Amino acid sequence: MMPNAEFPVARPRRLRRTASLRRMVAGTRLHPADLVLPMFVKEDVPGPQPVGSMPGVVQHSRDSLRKAAHEAAEAGVGGVILFGIPAVKDDRGSAGDDPEGIVQLAVADLRSDLGDALVVMTDTCLDEFTDHGHCGILTPEGEVDNDATLERYASVAVAQARAGSQVIAPSGMMDGQVGAIRAALDGAGFAQIPILAYSVKYASAFYGPFRDAAECAPKFGDRSAYQQDPAGPVGEALREIALDLAEGADAVMVKPALAYLDILRQVRDVVDVPVAAYQVSGEYAMVEAAAANGWIDRDRAIMESLVAIRRAGADLILTYWAIEVARRLS
Ligand code: PBG
1 MMPNAEFPVA RPRRLRRTAS LRRMVAGTRL HPADLVLPMF VKEDVPGPQP VGSMPGVVQH
61 SRDSLRKAAH EAAEAGVGGV ILFGIPAVKD DRGSAGDDPE GIVQLAVADL RSDLGDALVV
121 MTDTCLDEFT DHGHCGILTP EGEVDNDATL ERYASVAVAQ ARAGSQVIAP SGMMDGQVGA
181 IRAALDGAGF AQIPILAYSV KYASAFYGPF RDAAECAPKF GDRSAYQQDP AGPVGEALRE
241 IALDLAEGAD AVMVKPALAY LDILRQVRDV VDVPVAAYQV SGEYAMVEAA AANGWIDRDR
301 AIMESLVAIR RAGADLILTY WAIEVARRLS
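Below you can see the structure in the form of structure tokens.
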């Protein structure tokens, strides 16, 4: 055995011995205000509809959304981000920028209920609103047309801001989306509304359960032609970040979280804006499913994964466990 010259003077275990010592020296802390709760709201449903692949997550009705958002505020959660499921979908995602669209109505509900108790944000994309399930307008050949989609995103963002959204979060991975949305918001009198850009978003298998929750699985093909390749060059992530910042992003996001902690750390090290990480539906479902089988300790796994995301550099964490964790922290 190699002799350790520092032993017995050096004993790292000394600071691990009791819970109070461990708490005092903790280098990574979570706070409820750093958590953002993603919520689904569906048009024309009588009450909350369970999402099979995400036990504990529901598609809300307008009423149940108000109740749950109130609980989030009470728990001290920093914000909510809304996803809408419209009653009618079409090829251009018309419900996305309809002033009476489900997201716009829900935003207005929450703003009038909650005032400034938490931040009401909106995901800005088209996939929940299109009948084909892709994140943009299609060409006749079935490709997503980047520039035609930008006009739609701009219009959706303005509709969301008019309804009262306090942060616009474009998630569609079109080139130039942040700049197009910034210009549209400024032109419509919303220069003060920040953009949280999903800058680094991988074409991930971990979005599987979300596509049930938001009813937005693509009817053909997949999203690999616009979302990043998990095996793509690391520099691509940093380039996406730099472009979004140049276009006016106020904060940036890395998504998913757990499989991309290395990327998250590299982003954190080079930007001076807040960095968010999205603990996505598949990350949630894996823990819930394993815990339901008695294979892992659910509560510890949740906290450990969130601490890891924080330690890798996230200022904000989007997590479906936000209310539960916020309560546990306070
Ligand atoms: C796109 C969007 C998706 C998610 C958030 N915004 C789906 C996708 O890109 O396919 C996934 C979130 C999750 O899995 O929890 N509007």
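Taking full-length UniProt numbering, the leading residue of the sequence shown gets 1, the next gets one more, and so forth.
Using N, Cα and C, we set each Cβ at its ideal position, and we do this for glycine too.
Treat the numbers as computed from the prediction; the structure is a model and nothing was measured.
- Shortest Cα-Cα distance from A322 to any of L243, A68, A289 and E151 involves A68.
- Of the residues assessed, Q266 falls on the buried side of the cut-off, its CB having 16 or more other CB atoms within 10 angstroms.
- With a threshold of 7 Å, the Cβ atom of R223 counts as near ligand 1, since some heavy atom of the ligand is closer than that.
- Per DSSP, reduced to three states, the secondary structure at Y202 is strand.
- Counted as a single uninterrupted DSSP element, the beta strand (DSSP E) harbouring G79 occupies residues G79 to I85.
- In this structure, V252 lies away from A203, with their beta-carbon atoms at least 8 Å apart.
- By the criterion of at least three beta-carbon pairs nearer than 8 Å, the segment 289-296 is not in contact with the segment 255-263.
- The DSSP-derived three-state label of K42 is strand.
- Nearest to M39 by C-alpha distance, out of P32, R62 and A19, is R62.
- Taking every residue with its beta carbon within less than 5 Å of a heavy atom belonging to ligand 1 gives, in chain order, C125, D127, S171, Y207, F210, V280 and S281.
- DSSP lists K201 as the beta-bridge partner residues of K255.
- Around the beta carbon of K219, a 10 Å sphere encloses fewer than 16 other beta carbons of the protein chains shown; the residue is thus reported as exposed.
- Setting aside the 5 residues that flank it on each side, R223 is surrounded in the same chain by A203, each with a C-beta closer than 6 Å to its C-beta; the list follows chain order.
- Closest by C-alpha distance to T124, out of R152, G142 and V57, is R152.
- R310 and P140 have their C-alpha atoms some 43 Å from each other.
- Between the segment 42-61 and the segment 178-186, the count of C-beta pairs closer than 8 Å stays below three; the two stretches do not touch.
- Within the same chain, K89, D90, D91 and K219 come within 8 Å of D131 by CB-CB distance, once the 5 residues on both sides are set aside.
- With a threshold of 16 other beta carbon atoms within 10 Å, A180 meets it and is buried.
- Measuring C-alpha to C-alpha distances from I193 to each of D244, D175, A169 and E240 identifies A169 as the nearest.
- Distances from the alpha-carbon of T122 to those of G164, G189, G133 and E71 put G164 closest.
- A contact is defined here as three or more CB-CB pairs under 8 Å, and the segment 68-78 meets this definition with respect to the segment 109-118.
- G232 and R239 have their C-alpha atoms some 12 Å from each other.
- Exposed is the label assigned to G221, since fewer than 16 other Cβ atoms lie within 10 Å of its Cβ.
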